[in-house]
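Okay, so here's the structure we're looking at.
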Amino acid sequence: MKWSLTIARAFGIQIRVHFTFFLLLLWIVVEARAAAGWGAAMWGVVFIVATFTCVVLHELGHSVVAQRFGIKVSSITLLPIGGVAALRSIPQKPAHEMAITVAGPLVNVLIFAVLYVVYCWAPDRVPYFPGLVLMPGLPTDWGELTGVLLLVNKWMIVFNLIPAYPMDGGRLLRAVLAQWLPYPRATAIAATIGQVIAGVFILYGLWEPGWIMLAIIGVLIFLAAGAEEKTVRLRDALQHVQVGRVMTPVFVAVGPDDAAGGCAPWIFQRGQDDFPVMADGRLLGMLTQSAVLEAARRNGSVRAAELMMTSFSSTRPDAPVAEVHDSMQASGQRTVPVMEDGRLVGLLTFDNINRYFMTRSAGAAKDGAQT
Ligand SMILES: [Zn+2]
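In this text, residue positions in the sequence shown follow numbering that gives the first Met the number 0: the first is 0, and each later residue adds one.
Right, dumping it as structure tokens:
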């Protein structure tokens with residue numbers, strides 16, 4: 000995720016913090032200081048850091064189990080609304096997905112148990128909040144911090160059991176459904192249920208004073224459910240398709256001595272973003288859209304060879320699109336040259352893939368109507 004800072008590493012996974020998280024910290028400090036001075040501000044920071052440590056441990060629970068099943072986890076990113084673990088692939092077996100999903104809330108159960116022991120040991124110093132109540136305010140000492148963290152972990156357990164995909168409960172539901180249904184179908188059902196529950200959250204959050212956060216979470220769940228469902232359908236559609244079918248064989252190439260800025264009109268006339276730089280039929284490098292725009296801005300005639308990228312990945316016409324799509328997402332490379340016997344035969348872009356997906360979805364719908 001962009002705008003994130005790596006603060007630690009655990010089990011080979013980068014723990015990253017999104018910059019909006021620092022805004023949350025700043026906001027807590029400013030609010031708590033204005034209300035009750037610097038001491039309160041400090042406890043505010045301690046509370047936020049402790050809460051998000053629980054979130055990181057929850058995500059590490061998912062990640063470590065995923066690694067056990069051979070799934071690479073590149074990073075965990077902390078956002079003000081929670082954590083996101085970036086799994087490099089989707090678990091293939093529903094049973095694996097179940098184990099990975101359950102591991103997260105199980106970590107919160109463990110944290111809850113440990114803190115509960117602390118509470119039993121010093122019940123006069125640690126407040127206990129029965130049931131599910133709203134946050135009683137920022138803690139002012141270690142005892143109150145323990146009490147509030149007990150509540151936080153209780154909320155995290157309950158919240159993640161609600162079957163609203165893509166939250167943990169929804170993933171669990173999808174894994175259960177996937178025992179009998181194809182994966183995309185199971186995802187579609189889980190996503191729809193998730194969106195209905197998200198709708199209830201939004202309405203309740205707007206209706207009930209003090210619950211606005213629930214409405215915000217509802218909106219995020221609603222959007223995430225739709226996005227995840229699309230990703231799963233895309234993946235499924237691309238599983239058995241080769242690059243040669245999807246790539247564009249028609250493209251504009253430039254010579255190393257051509258002016259880089261001269262490509263600018265092609266960007267809007269042809270809808271091509273990145274340009275292969277060729278000499279004698281050989282691919283020398285790729286001139287990206289940002290390099291072309293930069294050259295056009297400088298107004299000079301900078302040579303393509305000077306601005307082209309020379310390290311990039313390429314693919315073959317018989318490679319599976321799903322695989323190339325994954326590596327494009329991981330590397331951020333938007334255009335992949337397709338090479339056959341040392342010759343450039345086409346370009347594969349996100350746009351190609353999305354358009355192929357759109358066309359195919361339309362075709363699939365027609366086939367379905369005929370049967
Ligand atoms: Zn989780």
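Glycine is no exception: its CB is placed at the ideal position from the N, C-alpha and C atoms. Since we're looking at a predicted model, the values are computed, not measured.
Using 10 angstroms around the beta-carbon of K153, count the other beta-carbons present and answer buried if the total reaches 16, otherwise exposed.
-> buried
Tell me whether G81 sits in a helix, a strand or coil according to DSSP, three-state version.
-> strand
Give the DSSP-derived three-state secondary structure of H239 in the structure shown.
-> coil
Looking at V301 and A295, is the spacing between their C-beta atoms short of 7 Å?
-> no
Taking 7 Å as the cut-off, decide whether the C-beta atoms of F274 and L286 are in contact.
-> yes
Proximity of A185 and R173 at Cβ, strictly below 7 Å | yes
For F128, three-class secondary structure by DSSP = coil
Can you name, in chain order, every residue of its own chain whose Cβ lies under 8 Å from the Cβ of S312, other than the five neighbours on each side?
-> S326, S330, Q332 and V335
Which residues have their C-beta within less than 6 Å of a heavy atom of ligand 1, listed in chain order?
-> H57, H61, G103, N159 and D167
To the nearest angstrom, report how far apart A177 and P93 are at their CA atoms.
-> 6 Å
Unbroken stretches of the alpha helix (DSSP H), 4 residues or longer, contained in the region 142-177 = 167-176
Whose C-alpha, out of L109, F111, I110 and L144, is nearest the C-alpha of P126?
-> L144
Below 6 Å CB to CB, which residues in the same chain sit around F106 once its five sequence neighbours on both sides are set aside?
-> Note that residue 106 corresponds to Val in the displayed sequence, not to Phe. Closer than 6 Å at Cβ, skipping near neighbours: L56, H57 and G60.
Is the region 353-363 touching the region 229-246, taking contact as three or more C-beta pairs under 8 Å?
-> yes
Given D317, which residues of its chain have a CB within under 8 Å of its CB, disregarding the five upstream and five downstream residues?
-> Q241, V242 and G243
For the region 234-281, which segments carrying the beta strand (DSSP E) assignment without a break, of at least 3 residues, lie completely within its bounds, in sequence order?
-> 274-278
Excluding the 5 residues preceding and the 5 following G270 in the sequence, name in chain order all residues of the same chain whose CB lies nearer than 8 Å to its CB.
-> D350
Taking DSSP as the reference, what is the three-state secondary structure of R359?
-> helix
Please name the residue or residues paired with E339 in a DSSP beta bridge.
-> R342
Residues of its chain near L160, where Cβ-Cβ distance is below 6 Å and the 5 sequence neighbours each way are ignored = G168
Counted within 10 angstroms of its Cβ, other Cβ atoms place Q91 as buried (16 or more) or exposed | exposed
Quick one: Cα of L23 to Cα of A34, how far?
-> 16 Å
Counting pairs of beta carbons, one from the region 79-88 and one from the region 181-198, are three or more of them closer than 8 Å?
-> no
Classify V16 as buried or exposed, calling it buried when 16 or more other Cβ atoms lie within 10 Å of its own Cβ.
-> buried
Beta-bridge partners of G284, as assigned by DSSP = V276
Return the bridge partner residues of H17 from the DSSP annotation.
-> S3
Is F10 helix, strand or coil by DSSP?
-> coil
Within its chain, find whatever has a CB closer than 7 Å to the CB of Q288; leave out the 5 residues flanking it on each side and keep chain order.
-> I266, D272 and D273
Neighbourhood of S3 by C-beta distance below 6 Å, restricted to the same chain and skipping five residues each side | R15, H17 and T76
Beta-carbon contacts of F111 that lie in its chain and below 8 Å, excluding the five residues immediately before and after = L149, N152, K153 and I156
Under 8 Å by Cβ, that's how I've got M166 and I220 pegged, so tell me the actual separation to the nearest angstrom.
-> 7 Å
Through-space distance from G146 to G43, alpha-carbon basis = 14 Å
G345 vs P208 beta-carbon contact at 7 Å = no
Does DSSP put S73 in a helix, in a strand, or in coil?
-> strand
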